[in-house]
Amino acid sequence: MKANPIVGQGTPLQHWQASPKMAELPQISVEQLVPEGHRAVIIAPHPDDEVLGCGGLMQGLAALGRPIQLISVTDGSASHPGSQRWPVERLSVVRPQESAQALHRLGLPAHSLKWLRAGFSDSKVAAREDELAAFIQRYLKPNDVVFTTWREDGHCDHEAVGRASAKASEAVGATLYEVPVWTWHWATPENSLVPWHRARKIPLSCEAIARKRHAIHAFASQLEGDPQVGLAPVLAPYVVERLLQPFEVVFV
């Protein structure tokens with residue numbers, strides 16, 4: 000799509016907040032997205048994407064008693080290249096632990112959540128995209144409702160996971176919704192590359208936003224950079240604030 004759109008500080012939060020287009024996006028409820036008798040399957044490229052993109056949605060699913068299948072495609076161990084503080088070996092252990100803590104902070108009951116770690120290599124998902132599609136397909140049922148990262152989100156893993164999830168969903172007849180995560184960084188409300196005509200807003204209460212914020216702060220590794228090797232935090236404050244708007248967006 001573009002060389003690397005995830006650079007700099009990105010589009011300021013105020014730009015999104017002041018946008019008439021964002022204000023006018025049609026709303027959709029969690030109950031409309033995942034009707035009774037259906038299961039939600041959330042497919043996250045890295046441990047944290049499920050909370051960043053769907054932290055509010057998952058709270059709504061839990062409140063409705065919907066079963067949730069979470070698939071973590073990678074362990075997120077490539078987030079701090081060259082870092083001695085956050086080497087691959089440490090991250091591969093810590094990042095799934097952070098996800099577990101974040102899910103607990105969201106208040107997701109253990110009995111309604113099943114969690115599958117797929118074990119693909121961070122930053123290299125596209126090289127095994129067909130294999131991932133086949134893996135996901137094995138765990139999907141026709142009446143599942145799948146949520147995953149948008150196929151044009153701007154991160155190579157997010158895009159590959161989006162494509163593989165779409166292929167698997169189509170193969171079994173499951174419903175697919177795509178979620179923007181890094182799109183909030185590089186895009187603008189006026190950007191014609193973003194399918195805003197397919198966007199629907201899931202409104203979030205103040206309590207849901209507060210829980211989502213608390214859950215995001217479980218990802219300590221992502222809130223820290225490594226100045227020794229010139230790495231800024233992946234989840235810098237301006238990134239986090241953009242993901243804590245009073246709604247989440249799905250492309251239908």
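Going letter by letter, the sequence shown gives residues 0 to 251 in numbering that gives the first Met the number 0.
A virtual CB, placed ideally from N, CA and C, is assigned to each residue, including glycine.
So the candidates are ASP152, ILE67, VAL92, PRO245; which of them puts its Cα closest to the Cα of ALA102?
Ala is not the amino acid found at residue 102; the sequence shown has Leu there. The residue from ASP152, ILE67, VAL92, PRO245 with its alpha-carbon nearest to that of LEU102 is ILE67.
So, at 8 angstroms on beta carbons, what are the nonlocal neighbours of VAL124 in its own chain, with the 5 sequence-adjacent residues on each side left out?
Take VAL124, set aside five residues on each side of it, and the residues of its chain with a beta-carbon closer than 8 angstroms to its own are PRO44, VAL72, THR73, LEU131, CYS155, ASP156, ALA159, VAL160, ALA163, in chain order.
What is the DSSP secondary structure of GLU189, reduced to helix, strand or coil?
Of the three classes helix, strand and coil, the one that applies to GLU189 here is coil, per DSSP.
Counting only runs that start and end within the segment 206-237, where is the alpha helix (DSSP H) found for 4 or more residues in a row?
For the segment 206-237, the continuous alpha helix (DSSP H) assignments of 4+ residues that do not extend past its boundaries occur at 219-222, in sequence order.
What does a CB cutoff of less than 8 angstroms around ILE201 pick up in its chain, not counting 5 residues either side in sequence?
Hits under 8 angstroms: GLN26, ILE27, SER28, VAL29, LEU32, GLY55, LEU56, GLY59, PHE246, GLU247, VAL248, VAL249.
C-beta atoms of LEU175 and ILE208 nearer than 8 angstroms
Not a contact, by the Cβ cut-off of 8 angstroms.
Taking the straight line between their C-alpha atoms, what separation do you get for VAL40 and GLU177?
Straight-line Cα distance between these residues: approximately 12 angstroms.
Tell me the residue span of the beta strand (DSSP E) that contains SER76.
Careful: SER76 lies outside any beta strand (DSSP E) and carries neither H nor E.
May I ask you to verify whether the segment 228-244 touches the segment 92-102, counting CB pairs closer than 8 angstroms and requiring at least 3?
Flag = no, the segment 228-244 and the segment 92-102 do not touch.
Measuring straight from C-alpha to C-alpha, what distance separates PRO179 and HIS79?
Between PRO179 and HIS79, the C-alpha separation is close to 22 angstroms.
Cβ of GLY54 versus every heavy atom of the ligand GTP: is any distance shorter than 7 angstroms?
This structure lacks the ligand GTP, and indeed carries no ligand of any kind.
Range covered by the beta strand (DSSP E) that runs through VAL40:
38-43 is the span of the beta strand (DSSP E), which, as asked, contains VAL40.
What span of residues does the alpha helix (DSSP H) with ASP156 cover, start to end?
Per DSSP, ASP156 is one residue of the alpha helix (DSSP H) stretching across 155-171.
Between which two residues does the alpha helix (DSSP H) carrying VAL92 extend?
Going by DSSP, VAL92 is part of the alpha helix (DSSP H) stretching over 87-104.
Hey, ALA186 and GLN136: beta-carbon distance below 8 angstroms or not?
Going by C-beta atoms, ALA186 is not nearer than 8 angstroms to GLN136.
Tell me which residues share the same chain as GLY224 and place their Cβ nearer than 6 angstroms to its Cβ, disregarding the 5 neighbours each side in the sequence.
Only LEU230, ALA231, PRO232 meet the Cβ criterion.
Which listed residue (PHE146, PHE134, ARG65, GLU49) has its alpha carbon closest to that of VAL251:
Looking at the Cα atoms, PHE146 is the closest of the given residues.
Which residues bound the alpha helix (DSSP H) around ARG150?
Neither: ARG150 is in no alpha helix (DSSP H) and is coded neither H nor E.
If you reduce the DSSP assignment to three classes, tell me which class GLY118 lands in.
GLY118 falls in the strand class under three-state DSSP.
Sub-8 angstroms separation of LEU69 and LEU112 beta-carbons:
A contact, by the Cβ cut-off of 8 angstroms.
Mind checking whether TRP114 and SER220 have CB atoms under 8 angstroms apart?
No, the Cβ-Cβ distance between TRP114 and SER220 is not below 8 angstroms.
How many angstroms separate the CA atom of LYS171 from the CA atom of ASN142?
Sequence check: residue 171 is Val here, not Lys. Cα-Cα distance, rounded: 9 angstroms.
Can you say whether SER76 is buried or exposed, counting buried as having 16 or more other CB atoms within 10 angstroms of its CB?
Under this definition SER76 is a buried residue.
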